[in-house]
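**Q** Before anything else, here's the structure in question.
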Amino acid sequence: MAIVSRKVSDLSGNEGNDEEFAQVIVRQHPKLDQPKALDVLTEELAQFKDIGDLVVLEARMPDGSTRDIHMRLAEFNKLGTDMDGVLSKARGTRGRVPGTRIGS
Numbered sequence: 061m062a063i064v065s066r067k068v069s070d071l072s073g074n075e076g077n078d079e080e081f082a083q084v085i086v087r088q089h090p091k092l093d094q095p096k097a098l099d100v101l102t103e104e105l106a107q108f109k110d111i112g113d114l115v116v117l118e119a120r121m122p123d124g125s126t127r128d129i130h131m132r133l134a135e136f137n138k139l140g141t142d143m144d145g146v147l148s149k150a151r152g153t154r155g156r157v158p159g160t161r162i163g164s
């Protein structure tokens with residue numbers, strides 16, 4: 061008796077060997093509460109259309125909760141008259157606030 065292991069695509073059910081598969085992680089979806097992994101044939105990756113000019117934001121609320129916001133770059137740029145300038149002057153999320161000094 062032999063045990064036979066097969067790998068099939070979660071999308072099409074088509075069989076392939078390990079070298080023909082990619083793993084796609086679904087990080088956010090309305091019906092998921094945690095990330096899920098899909099095994100797909102590399103030729104099936106073309107079905108996943110990239111939005112391209114997507115801006116991903118994280119809103120941190122006063123109560124400590126957060127939420128992710130996804131929007132197109134064109135819509136983001138309408139939020140102010142010079143969003144490129146706003147971003148270039150914005151403080152980073154790591155380290156000290158620009159212009160502060162340690163010590164006296």
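Counting with our numbering, you get residues 61 to 164 for the letters of the sequence shown. Don't be surprised by glycine CBs; every beta carbon is placed ideally from N, CA and C.
(1) Please determine, among 124, 91, 84, 90, the residue with the shortest C-alpha to C-alpha distance to residue 109.
(2) Taking buried to mean at least 16 other C-beta atoms within 10 Å of its own C-beta, is residue 104 buried or exposed?
(3) Measuring only the C-alpha atoms, how far is residue 70 from residue 141?
(4) Does DSSP classify residue 88 as helix, strand or coil?
(5) Go ahead and label residue 100 buried or exposed: buried means 16 or more other beta carbons lie within 10 angstroms of its beta carbon, across all protein chains shown.
(6) If I follow the unbroken beta strand (DSSP E) through residue 142, where does it start and stop?
**A** Straight from the coordinates:
(1) Working through the sequence shown from its first residue, we reach residue 109 at position 49. Among 124, 91, 84, 90, the Cα nearest to that of residue 109 belongs to 84.
(2) Walking along the sequence shown from the start, residue 104 turns up at place 44. The residue in question, residue 104, is buried, as its Cβ has 16 or more Cβ neighbours within 10 Å.
(3) Position 10 of the sequence shown holds residue 70. Position 81 of the sequence shown holds residue 141. Residue 70 and residue 141: Cα-Cα distance of roughly 45 Å.
(4) Here residue 88 refers to the residue found at position 28 when the sequence shown is read from its first residue. Here residue 88 sits in coil by DSSP.
(5) Position 40 of the sequence shown, counting from 1, holds the residue named residue 100. Per the 10 Å Cβ criterion, buried.
(6) Locating residue 142 in the sequence shown gives position 82, where the first residue counts as 1. It is not in any beta strand (DSSP E) - residue 142 carries neither H nor E in the DSSP assignment.
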